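Taken in sequence, the protein lines are chains S and D.
For the first sequence, the numbering used here begins at 14 and goes up steadily by one.
For the second sequence, the numbering used here begins at -17 and goes up steadily by one.
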Amino acid sequence: MRLVVLALMGLLAAVPVRADGPRVQVIANPTVDKECGACHMAFQPEFLPARSWKKLMEPKELTNHFGEIATLPEASRVQIEAYLLAHAAGVAPGKESGRVAASIPEGEIPLRITETGRWLQKHRPGEVNPADFQSPRVKSKANCQACHKGASQGLYDDEIREGSWRFWR
Amino acid sequence: MIKKVAAFALVLTVGVVAAALANPQRQALLDGFAAQAKAEDGNFKGFSSERGKELFQAKHVGGKPETPSCVTCHTADPKGAGQTKAGKEIPPMAASRTPTRFTDPAELEKWFHRNCNQVLGRECTARERGDVIVYLSAQ
């Protein structure tokens, strides 16, 4: 009996980290990566639909990018916009792209990834404690890498939760 | 004794030459700003690290309220890393820590345009740009 219990404990200890999160295309364009990653992680384009990226990349919008001036030289702006549109939700191949697109009502143009149905569903209060986003370690919902260590590689299938038992991280 | 002095002199010379050669791009940029500053103001006599430090460290009122100063994001010590509003680390402004600082004209134009408007509510003049570069290059 003791052996059975021990064996079960061994099995449980060997259970790998949940690997059920989305995987998205990495940003392949160095200009996009550099310019969009200057002040925050360069969010992968398939987290928003093309109409959202189009709006965000308007010169007028860039002069007030969530309170910051993010003006770009026109040549860079055009290049980045084209890339974002070509890899947006619903356009990029893969499951996540479709899920994000389907989660946003037609006609709605969310400017924040954290306002899309998909993000809200994945980070709903039952899943993530809303207070975690204000913790000193995380600071903001825009800080994906605080919990998703592989975020810049397009991997969102591993999360570090506040108070996680994985203390060695 | 002579050998030691000679060795020291050699190291010193190499150091000075290396420093001078290390930043031809930065020097070229400064020369460009100097020419512009002279065109803007005939009385321009040269850049000042003191003026640059003052501009960089001061609290300004013309820009956005959350960023009253350059040090709001870049922090008061140029040798330290700064932080963006989104929490991303900004490499130190001090050229001694980040040697690529102030060497790329396109990058300079982009960031001066954005950040002077953000903090001061206007473009920085050529003199102000040169002053800040001279101040931060010496850190």
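We put the beta carbon where it would ideally sit given N, CA and C, even for glycine.
Quick caveat: nothing in here was measured; it's all calculated off a predicted structure.
Whole-angstrom distance between residue j and residue i, CA atom to CA atom
{"i": "residue 47/S", "j": "residue 93/D", "result": "14 Å"}
{"i": "residue 165/S", "j": "residue 14/S", "result": "47 Å"}
{"i": "residue 143/S", "j": "residue 137/S", "result": "8 Å"}
{"i": "residue 170/S", "j": "residue 82/D", "result": "36 Å"}
{"i": "residue 5/D", "j": "residue 163/S", "result": "37 Å"}
{"i": "residue 42/D", "j": "residue 70/D", "result": "23 Å"}
{"i": "residue 41/S", "j": "residue 89/S", "result": "15 Å"}
{"i": "residue 104/D", "j": "residue 64/S", "result": "31 Å"}
{"i": "residue 151/S", "j": "residue 65/D", "result": "14 Å"}
{"i": "residue 69/S", "j": "residue 134/S", "result": "23 Å"}
{"i": "residue 77/S", "j": "residue 72/D", "result": "20 Å"}
{"i": "residue 61/D", "j": "residue 107/S", "result": "44 Å"}
{"i": "residue -1/D", "j": "residue 13/D", "result": "Only weak support is given to the placement of residue -1/D: the predicted model assigns it a pLDDT of 42, under 50, and the value that follows is read from those uncertain coordinates. If I take the Cα positions, the gap works out to 19 Å."}
{"i": "residue 106/D", "j": "residue 11/D", "result": "15 Å"}
{"i": "residue 49/S", "j": "residue 140/S", "result": "28 Å"}
Where residue i sits in the DSSP three-state scheme
{"i": "residue 72/S", "result": "helix"}
{"i": "residue 118/D", "result": "helix"}
{"i": "residue 102/S", "result": "strand"}
{"i": "residue 59/S", "result": "helix"}
{"i": "residue 111/S", "result": "helix"}
{"i": "residue 65/D", "result": "strand"}
{"i": "residue 2/D", "result": "Model confidence at residue 2/D stands at a pLDDT of 41, short of 50, so the residue's coordinates are unreliable; what they give is reported in the following sentence. Correct three-state label for residue 2/D: helix."}
{"i": "residue 36/S", "result": "strand"}
{"i": "residue 121/S", "result": "coil"}
{"i": "residue 78/S", "result": "strand"}
{"i": "residue 110/D", "result": "helix"}
{"i": "residue 19/S", "result": "helix"}
{"i": "residue 72/D", "result": "strand"}
{"i": "residue 102/D", "result": "coil"}
{"i": "residue 85/S", "result": "coil"}
Sequence-distant residues of the same chain with beta carbon closer than 8 Å to residue i, five excluded per side
{"i": "residue 40/D", "result": "51"}
{"i": "residue 66/S", "result": "58, 94, 97, 98 and 101"}
{"i": "residue 102/D", "result": "42, 44 and 45"}
Close beta carbons around residue i, own chain, < 7 Å, minus the five adjacent residues each side
{"i": "residue 102/S", "result": "59, 60, 61, 62, 110, 113 and 114"}
{"i": "residue 117/D", "result": "31, 34, 35 and 38"}
{"i": "residue 124/S", "result": "65, 68 and 69"}
{"i": "residue 146/S", "result": "153 and 154"}
{"i": "residue 117/S", "result": "62, 123, 129 and 130"}
Own chain residues within Cβ distance below 6 Å of residue i, not counting five before or after
{"i": "residue 34/S", "result": "169 and 170"}
{"i": "residue 3/D", "result": "Reliability of the predicted coordinates at residue 3/D is poor, the pLDDT of 42 falling under 50, and the value obtained from them is presented with this limitation in mind. Cβ within range, chain order: n/a, list empty."}
C-beta atoms of residue i and residue j nearer than 8 Å
{"i": "residue 76/D", "j": "residue 121/D", "result": "yes"}
{"i": "residue 156/S", "j": "residue 21/D", "result": "no"}
{"i": "residue 15/D", "j": "residue 112/D", "result": "yes"}
{"i": "residue 18/D", "j": "residue 108/D", "result": "yes"}
{"i": "residue 88/D", "j": "residue 74/D", "result": "no"}
{"i": "residue 45/S", "j": "residue 167/S", "result": "no"}
{"i": "residue 74/S", "j": "residue 52/S", "result": "no"}
Proximal residues, the segment 130 to 157 of chain S versus chain D, C-beta separation under 9 Å: 151, 152, 153, 155 and 156
Taking only beta carbons into account, state which residues of the segment 66 to 85 of chain D come closer than 9 Å to chain S, listed in chain order. Taken in chain order, the members of the segment 66 to 85 of chain D whose beta-carbon sits within less than 9 Å of a beta-carbon on chain S are 66, 67, 68, 69, 70 and 72.
Going along the segment 96 to 108 of chain S in order, which residues come within less than 9 Å of chain D, judged by CB to CB distance? In summary, no residue of the segment 96 to 108 of chain S has a CB separated from any CB of chain D by less than 9 Å.
Within 9 Å of chain D by C-beta, residues of the segment 54 to 84 of chain S in sequence order: 54, 76, 79, 80, 81, 82, 83 and 84
Near-chain D residues of the segment 38 to 52 of chain S (beta-carbon distance less than 7 Å), N- to C-terminal order: Here the close residues are 52.
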